[in-house]
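Below: the structure, in structure tokens.
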Amino acid sequence: MSLLNLEPANPEPANPEQDRQSLPTSDELPCSDDTPVDNEDQNFLPNFLLFLLELIWRDRLDWYFGVDMAIYHTTSTNPRVPVVPDGFLSLGIERRKQGKSRKSYVMWEEDDIAPILTLEMVSHTPGGEYDKKMRLYARLGVTYYIIYNPEFWQRDQHQPFEAYKLVDGVYQRQPGEPFWMPEIGLGMGRHTRWFGRVEREVLYWFGPDQQRYLAADERVIAADQRAIAAEHQVEQARSQLEQLQAQLRGLGIEPNHPEPKSEQ
0 MSLLNLEPAN
10 PEPANPEQDR
20 QSLPTSDELP
30 CSDDTPVDNE
40 DQNFLPNFLL
50 FLLELIWRDR
60 LDWYFGVDMA
70 IYHTTSTNPR
80 VPVVPDGFLS
90 LGIERRKQGK
100 SRKSYVMWEE
110 DDIAPILTLE
120 MVSHTPGGEY
130 DKKMRLYARL
140 GVTYYIIYNP
150 EFWQRDQHQP
160 FEAYKLVDGV
170 YQRQPGEPFW
180 MPEIGLGMGR
190 HTRWFGRVER
200 EVLYWFGPDQ
210 QRYLAADERV
220 IAADQRAIAA
230 EHQVEQARSQ
240 LEQLQAQLRG
250 LGIEPNHPEP
260 KSEQ
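Written out as structure tokens, the structure reads:
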């Protein structure tokens, strides 16, 4: 692992004396920073991870995955200025805030629970993923930070997939892919697959056995394949039975004829 030369994180608010009663509510705050995404992957890939989580954690109600959503916090001078990751995961919170959809993630309305994971995707316009945002996420106390840079990693002198863990207030680069996150109980890594007639690399969630969780369409295909395999096994068993019956008949034994009962 490598250690990034960044200032230590300070999970306490930058203005601890700030009157929390004066902080704006989620209804008073914009739901995003109105910055358009640079490419379709910045919208598609985080949503793909969200849809996978909906399948993996379909029985859980203690998590939230935001896509291109504003996170409001009190670690900077202006709580009305959010940070907007491409994706983030929070645990230990309501799946739906009081039964309603969130417009933004306002930390002082979430018991100051920071996301446990943030995801940034690097585009043709660098957005401070390796410095400015990294320092901010460290201040927030985000445990895991993943940077996905499939196209411009050579320009930025980084790797296409980098995972970092917050250790003593500083992000340390972590080895391995898929990268396992025990506090979440999931790993993350890359996989290339077909979407219709288009082949593309996407991010997936992985289990402890390093096997990726299948998407909904892949589960349908896998179920169809299992059904076909089961049908093939039935046909194979029927064929073997017919061969055995033919062999018995060749020996003068009628396999389906009951044996005569012996007289007492």
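Following numbering that gives the first Met the number 0, the numbering of the sequence shown begins with 0 at its first residue and continues without gaps. The beta carbon of each residue, even a glycine, is placed where N, CA and C say it ideally should be.
Under 8 Å between C-beta atoms of residue i and residue j
| i | j | result |
| --- | --- | --- |
| Y104 | T117 | no |
| H72 | M106 | yes |
| V82 | I115 | no |
| E176 | F194 | no |
| Q162 | L51 | It is worth fixing the name first, because residue 162 is Ala in this sequence and not Gln. For A162 and L51, no; Cβs fall outside 8 Å. |
| P78 | L22 | yes |
| V197 | F47 | no |
| Y170 | I146 | no |
| R101 | L60 | no |
| L271 | W62 | Missing from the structure shown is residue 271; the chain here goes from 0 to 263 and no further. |
| M298 | Y143 | The requested residue 298 is not part of the displayed model; the chain covers only 0 to 263. |
| I92 | Y212 | no |
Environment of residue i [buried if 16+ CB atoms lie within 10 Å]
| i | result |
| --- | --- |
| L2 | Because the pLDDT at L2 is just 46, under 50, the model does not fix this residue reliably, and the value given afterwards should be weighed accordingly. Looking at its Cβ environment, which holds fewer than 16 other Cβ atoms inside 10 Å, L2 is exposed. |
| L185 | buried |
| Q158 | exposed |
| I70 | buried |
| N255 | exposed |
| D85 | buried |
| A41 | It should be noted that the sequence gives Gln, not Ala, for residue 41. Buried, because 16 or more other Cβ atoms sit within 10 Å of the Cβ of Q41. |
| T24 | exposed |
| L250 | exposed |
| Q173 | buried |
| R237 | exposed |
| E109 | buried |
| R57 | exposed |
| T74 | buried |
| L243 | exposed |
Close beta carbons around residue i, own chain, < 7 Å, minus the five adjacent residues each side
| i | result |
| --- | --- |
| F151 | V121 and H123 |
| R154 | none |
| A113 | M106, L139, G140 and V141 |
| N148 | V121, D155, H157 and P159 |
| L247 | P254 |
| F178 | A162, G186, M187 and G188 |
Helix, strand or coil at residue i [DSSP, three-state]
| i | result |
| --- | --- |
| M68 | coil |
| Q173 | strand |
| I55 | helix |
| R134 | helix |
| I146 | strand |
| H190 | strand |
| V166 | strand |
| V219 | helix |
| F151 | coil |
| V105 | strand |
| E241 | helix |
| V233 | helix |
| S89 | strand |
| N77 | coil |
Cβ shell of residue i (< 6 Å), same chain only, five flanking positions each side left out
| i | result |
| --- | --- |
| T191 | E200 |
8 Å Cβ cutoff, residue i in contact with chain E
| i | result |
| --- | --- |
| R172 | No chain E appears in this structure, which consists of one protein chain only. |
Own chain, CB closer than 8 Å to residue i, minus 5 neighbours either side, in chain order
| i | result |
| --- | --- |
| V66 | N42, P45, N46, L49, D85 and G86 |
Heavy atom of the ligand MN within 7 Å of residue i beta-carbon
| i | result |
| --- | --- |
| V82 | Inclusion of the ligand MN in the displayed structure is not the case, the ligand content being empty and no account of it being possible. |
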